[in-house]
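Okay, structure first, notes after.
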Amino acid sequence: MLENKIRTRFAPSPTGYMHVGNFRTALYAYLFAKRNGGDFLLRIEDTDKKRYVPDALEKLIKIINWAGLDYVEGVYMDGDGKFFQKGDYGPYIQSERLEIYGKCAQQLVESGTAYYCFCDEETLEKKRQEQTANKQAPMYDRTCLKLAPEEIQEKIAKGEKYVIRQKINTAGITKYKDLIRGEIEFKNELLDDQILMKSDGYPTYNFANVVDDHLMGISHILRGEEFISSTPKYIQLYQNFGWNAPEFAHLPLLLNPDKTKLSKRQGDVAVEDYIKNGYLKEAIINFVVLLGWNMGEGSTQEIFSLRELEQVFDLKRVHKAGAVFDLKRLDWINAQYIKKLSADELYGKSLEFLAQKDFYLNAPENMKTEEYLKKVLTVEQERLVKLSEVGENNKFFFTDIEYGKDMLRWKDMSDEALKESLEKSIAVLSGIGADGWETKNIEEKLFAAAGDKKGDLLWPLRVALSGAQKSPSPMELAWVLGKQESLNRLRGAIDRI
RNA sequence: GCCGCCAUCGUCUAGCCCGGUCAGGACGCCAGGUUUUCAUCCUGGAAAUCAGGGGUUCGAAUCCCCUUGGCGGUACCA
32 MLENKIRTRF APSPTGYMHV GNFRTALYAY LFAKRNGGDF LLRIEDTDKK
82 RYVPDALEKL IKIINWAGLD YVEGVYMDGD GKFFQKGDYG PYIQSERLEI
132 YGKCAQQLVE SGTAYYCFCD EETLEKKRQE QTANKQAPMY DRTCLKLAPE
182 EIQEKIAKGE KYVIRQKINT AGITKYKDLI RGEIEFKNEL LDDQILMKSD
232 GYPTYNFANV VDDHLMGISH ILRGEEFISS TPKYIQLYQN FGWNAPEFAH
282 LPLLLNPDKT KLSKRQGDVA VEDYIKNGYL KEAIINFVVL LGWNMGEGST
332 QEIFSLRELE QVFDLKRVHK AGAVFDLKRL DWINAQYIKK LSADELYGKS
382 LEFLAQKDFY LNAPENMKTE EYLKKVLTVE QERLVKLSEV GENNKFFFTD
432 IEYGKDMLRW KDMSDEALKE SLEKSIAVLS GIGADGWETK NIEEKLFAAA
482 GDKKGDLLWP LRVALSGAQK SPSPMELAWV LGKQESLNRL RGAIDRI
């Protein structure tokens with residue numbers, strides 16, 4: 032019944048954090064399924080015991096949930112952090128499917144397309160080195176393929192360690208049509224007899240992947256470019272089982288600025304890091320989806336919501352070449368999304384970042400109220416690039432200000448004129464009632480009083496209120512600080528003269 | 001080494017399939033304007049001999065061939 036249904040999966044290994052490249056793979060797989068009315072599932076590939084990291088699974092699921100990449104089957108986590116599985120084709124955790132892989136491998140052995148191998152890793156490594164030294168491609172030499180059935184039984188009975196290898200059909204070529212790259216073909220004689228089952232009884236990725244994708248009815252496999260060259264072996268595996276191979280789409284790589292594969296050494300690679308640095312979910316998704324995909328057809332749209340992408344995403348428009356991860360562009364997209372936030376949203380999202388800052392923690396209580404904070408954020412919103420920078424450039428909204436008298440001076444004002452200017456500001460602000468205390472009105476009153484010499488009035492006012500040369504406009508400063516605090520700071524300025 | 005993938009402004013990319021606009025947009029950068037400053041915003045600009053070389057053609061980023069470069073794979077990792 033799954034015959035013609037489009038089904039994609041995200042199949043990460045719980046080895047640490049969510050790499051942005053993996054995240055993009057998940058995003059594309061999700062979007063492709065959504066766009067085509069298919070299913071998206073989450074499977075966990077924990078077949079490497081050595082690389083297993085305890086809380087990696089939790090992180091993975093949290094990020095997928097956070098991003099809103101809803102899946103219909105797979106591994107989930109409830110409110111208490113406990114895992115559970117849902118779906119008719121489970122289990123969805125490979126370490127719980129060992130029996131299945133064992134049977135499948137046995138089936139292949141019996142049909143003659145897989146065989147037992149007793150060579151130990153040391154011997155294998157030595158042979159590889161010899162082959163490399165002789166400029167030959169390092170490949171398994173099929174020593175164990177020559178073993179007689181009795182010998183095999185004997186070794187197994189003696190308890191010798193063994194793996195099961197795929198017996199490659201070395202004649203001819205294997206080709207497949209990649210949805211992104213078109214036809215790709217390989218000479219079969221170059222394919223290695225890869226290991227299917229490891230000596231610890233676990234399957235390799237190469238094997239578990241094929242078995243599970245088939246058993247779970249996966250129709251389209253979206254994965255990184257690094258799997259292109261192992262795909263012909265998978266195809267042979269499908270053939271050996273008598274299964275129809277799914278469609279393949281190999282995604283381009285994400286690159287460092289120097290065009291090498293995106294790596295931790297050259298910056299953050301975990302989605303978690305970007306969240307921590309104040310990037311919004313919508314911005315991360317928007318940025319990442321554009322790394323290798325575009326609307327085309329003359330569209331110049333740059334900003335896309337997840338919902339929109341679900342409608343327009345098309346594998347045909349995925350680029351072939353790798354894409355450099357350009358932080359500047361992410362910053363710009365993030366700023367776009369911050370500008371679109373409502374006052375409540377911005378407030379809600381900013382709190383956790385403010386809570387990490389000393390200037391905020393040490394601020395007086397009246398500067399931590401929701402009402403006050405929302406005013407600060409209203410002023411900050413248009414210039415904020417990352418949430419993590421909230422308040423950074425406007426600390427004067429939270430702290431006592433320190434500045435030298437000369438900073439107050441606009442051009443070459445005399446002390447007399449300075450004092451007069453500040454007093455004029457006091458007079459203007461004093462005359463504005465609580466109901467008129469808003470930026471626009473404050474501005475009108477100030478401009479009226481300033482006449483054509485705005486600088487003489489506004490510059491000293493700016494510095495008196497902020498103690499800084501770079502700040503929002505004096506009227507915005509006054510609006511945020513409130514009448515009382517503004518007047519206090521102005522009087523403090525006069526005292527300095 | 002062998003195998004494979006890829007190649008348009010600094011970056012993300014449109015155009016390539018179905019040859020013929022000054023190779024278009026965005027980020028970044030520069031300049032001007034608005035804002036008393038900075039940022040925002042607006043306007044303008046510089047920026048790709050379409051990796052290089054050969055063909056085919058009246059005409060090629062677009063079609064063909066070769067070369068080069070980058071990257072990936074070559075594990076009892078995924």
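When we follow our numbering, the leftmost residue of the first sequence carries the number 32, and every step to the right adds one.
All C-beta atoms in this analysis are idealised placements derived from N, C-alpha and C, irrespective of residue type, glycine included.
Values in this document were obtained by computation on a predicted structure and should not be read as measured data.
Whether residue i touches residue j by CB criterion (9 Å)
{"i": "Lys198", "j": "Ala239", "result": "no"}
{"i": "Lys208", "j": "Glu278", "result": "yes"}
{"i": "Thr56", "j": "Leu282", "result": "yes"}
{"i": "Ala98", "j": "Val300", "result": "no"}
{"i": "Ala499", "j": "Leu453", "result": "no"}
{"i": "Leu58", "j": "Leu91", "result": "no"}
{"i": "Tyr123", "j": "Ile75", "result": "yes"}
{"i": "Leu460", "j": "Leu449", "result": "no"}
{"i": "Thr46", "j": "Tyr83", "result": "yes"}
{"i": "Ser502", "j": "Leu489", "result": "no"}
{"i": "Phe344", "j": "Arg66", "result": "yes"}
{"i": "Leu518", "j": "Ile432", "result": "no"}
{"i": "Tyr269", "j": "Leu418", "result": "no"}
{"i": "Ile95", "j": "Leu246", "result": "no"}
{"i": "Val26", "j": "Tyr305", "result": "The displayed coordinates of the chain run from 32 to 528. Any statement about residue 26 would go beyond what the structure contains."}
{"i": "Ser531", "j": "Val421", "result": "As shown, the chain starts at 32 and ends at 528. That puts residue 531 outside it, with no answer to give."}
{"i": "Asp443", "j": "Ile528", "result": "no"}
{"i": "Lys186", "j": "Phe149", "result": "yes"}
{"i": "Val319", "j": "Phe114", "result": "no"}
Contact belief for residue i with residue j at Cβ below 8 Å, rounded distance in angstroms
{"i": "Ile369", "j": "Gln412", "result": "6 Å"}
{"i": "Phe335", "j": "Asn317", "result": "6 Å"}
{"i": "Phe429", "j": "Tyr391", "result": "6 Å"}
{"i": "Gly121", "j": "Glu89", "result": "Gly121 to Glu89, Cβ: 19 Å. No contact."}
{"i": "Lys93", "j": "Glu104", "result": "Not really, about 18 Å apart at Cβ, beyond 8 Å."}
{"i": "Leu129", "j": "Tyr233", "result": "7 Å"}
{"i": "Ala366", "j": "Val407", "result": "Their Cβ separation, rounded to whole angstroms, is 18 Å, which puts Ala366 and Val407 out of contact at 8 Å."}
{"i": "Ile463", "j": "Lys471", "result": "Wrong, their Cβ atoms sit about 12 Å apart, outside the cutoff."}
{"i": "Ile259", "j": "Ile215", "result": "7 Å"}
{"i": "Asp243", "j": "Gln125", "result": "7 Å"}
{"i": "Trp468", "j": "Lys514", "result": "6 Å"}
{"i": "Phe217", "j": "Thr235", "result": "Not confirmed; about 19 Å, so no contact."}
Limits of the unbroken beta strand (DSSP E) element including residue i
{"i": "His281", "result": "Glu278 to Leu282"}
{"i": "Val194", "result": "Val194 to Gln197"}
{"i": "Glu104", "result": "Glu104 to Met108"}
{"i": "Gly379", "result": "Counting along the chain, Gly379 falls outside any beta strand (DSSP E), though it belongs to the alpha helix (DSSP H) covering Ala374 to Leu385."}
{"i": "Glu216", "result": "Gly213 to Lys218"}
{"i": "Asp209", "result": "Ile204 to Asp209"}
{"i": "Gly99", "result": "No beta strand (DSSP E) holds Gly99; DSSP gives it neither H nor E."}
{"i": "Met228", "result": "Ile226 to Met228"}
{"i": "Thr39", "result": "Arg38 to Phe41"}
{"i": "Gln116", "result": "Phe114 to Lys117"}
{"i": "Leu221", "result": "Element bounds for Leu221: n/a, residue is neither H nor E."}
{"i": "Leu253", "result": "His251 to Gly255"}
Run of the alpha helix (DSSP H) containing residue i, from where it starts to where it stops
{"i": "Phe238", "result": "Tyr236 to Leu246"}
{"i": "Tyr269", "result": "Thr262 to Phe272"}
{"i": "Asp389", "result": "Asp389 to Leu392"}
{"i": "Lys359", "result": "Leu358 to Lys371"}
{"i": "Tyr403", "result": "Glu401 to Gln412"}
{"i": "Ile525", "result": "Pro505 to Arg527"}
{"i": "Gln184", "result": "Pro180 to Ala188"}
Would you check if there are 3 or more beta carbon pairs closer than 8 Å linking the segment 126-146 to the segment 222-233?
yes
Report yes or no: do three or more beta-carbon pairs, one from the segment 261-271 and one from the segment 38-55, lie closer than 8 Å?
no
Complete runs of the alpha helix (DSSP H) confined to the segment 129-174 [at least 4 residues]
129-142 and 152-164
Fully enclosed by the segment 284-348, which beta strand (DSSP E) runs are 3 residues long or longer?
none
contact_flag[the segment 200-214, the segment 281-296] where n(CB pairs < 8 Å) is 3 or more:
yes
Which ranges does the alpha helix (DSSP H) cover as unbroken runs of at least 4 residues, wholly within the segment 418-497, from first to last along the chain?
436-439, 446-461, 470-481 and 485-497
Ignoring anything shorter than 3 residues or poking outside the segment 57-95, list the beta strand (DSSP E) runs there in chain order.
70-73
Hey, is the segment 284-296 in contact with the segment 352-363, meaning 3+ C-beta pairs nearer than 8 Å?
yes
Taking one C-beta from the segment 244-259 and one from the segment 59-66 each time, how about it: are there three or more such pairs within less than 8 Å?
yes
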